[in-house]
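Only one structure is covered here, and it is reproduced in the block below.
In my numbering, the protein residues as written are 67 to 238.
Encoded structure:
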C-alpha cells in the first residue's frame, strides 16, 4: 500500500463520523447516508489529485458529500422520510427517553422551519463543528455571508422555540 493510499485511508477514518452525520442530516435515512458517504469517498479518491490543501481536506470531503446528495436528489426526486420507523422507535422508549426524544424532535422541527440557507450552515457549525472559513469553502459563499446567516439562523431558531434572549447584566 503506497503512502498516498495510507494518507487517504487515514483521512477518511478521521472524518467518517462527521461525513455520515452530515449525510444523514441531509437525507434523513441511515442506509442512504451510508451510500452517500461511500460514493463521496470513491469520488474523493478518484479526484484526490485536485485536493490542493491538506488542511482543508475535511471541508473538501463534506463538499463532495453535499454534491453527492444533490446528485442523488436530482436522480430520485428526493425520498420521503419513513415516519413509521420513527413511530415504532417512539413507542418502545422509556418516559425519560421520550422526554429527551420529544425535545430533540421539537428542535429538529424548529430547525426544519428555518430557510435552507440558514439551516444547512447551522447544522454544519453545531453538528459538524466547522469554522466560518470551512463552511464558506463547503458552500461556496463568503465567510461574512456564512457568519451572518449563522447569526440569523440562531435568532430565528430562538424565536421559533420561544427562547428569550439572555440579557447581560452590568455588575460593576
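Even glycine gets a Cβ: it sits at the ideal position worked out from N, Cα and C.
Residue i versus residue j - alpha carbon distance
{"i": "residue 71", "j": "residue 94", "result": "31 Å"}
{"i": "residue 192", "j": "residue 209", "result": "16 Å"}
{"i": "residue 185", "j": "residue 114", "result": "29 Å"}
{"i": "residue 206", "j": "residue 217", "result": "18 Å"}
{"i": "residue 225", "j": "residue 97", "result": "34 Å"}
{"i": "residue 91", "j": "residue 175", "result": "12 Å"}
{"i": "residue 229", "j": "residue 116", "result": "45 Å"}
{"i": "residue 183", "j": "residue 227", "result": "19 Å"}
{"i": "residue 221", "j": "residue 178", "result": "14 Å"}
Spatially closest choice to residue i from the options, by CA coordinates
{"i": "residue 122", "options": "109, 198, 112 and 90", "result": "198"}
{"i": "residue 195", "options": "87, 107 and 78", "result": "87"}
{"i": "residue 127", "options": "68, 222, 81 and 187", "result": "81"}
{"i": "residue 139", "options": "89, 220 and 202", "result": "89"}
{"i": "residue 84", "options": "189, 212 and 213", "result": "189"}
Residue i CB to nearest heavy atom of the ligand NAD below 7 Å
{"i": "residue 190", "result": "No copy of the ligand NAD appears in this structure; indeed no ligand is present at all."}
Span of the alpha helix (DSSP H) around residue i
{"i": "residue 228", "result": "First-last for residue 228: undefined, no H or E at that position."}
{"i": "residue 115", "result": "From DSSP, residue 115 is part of no alpha helix (DSSP H); its letter is neither H nor E."}
{"i": "residue 84", "result": "69-93"}
{"i": "residue 207", "result": "Element bounds for residue 207: n/a, residue is neither H nor E."}
{"i": "residue 120", "result": "Segment: none, residue 120 is in no alpha helix (DSSP H) and carries neither H nor E."}
{"i": "residue 180", "result": "Run containing residue 180: none; DSSP gives neither H nor E here."}
Interface flag, residue i vs chain D, CB-CB below 8 Å
{"i": "residue 93", "result": "The structure shown contains no chain D; it is built from a single protein chain."}
Three or more C-beta pairs below 8 Å linking the segment 99-109 and the segment 122-141: yes
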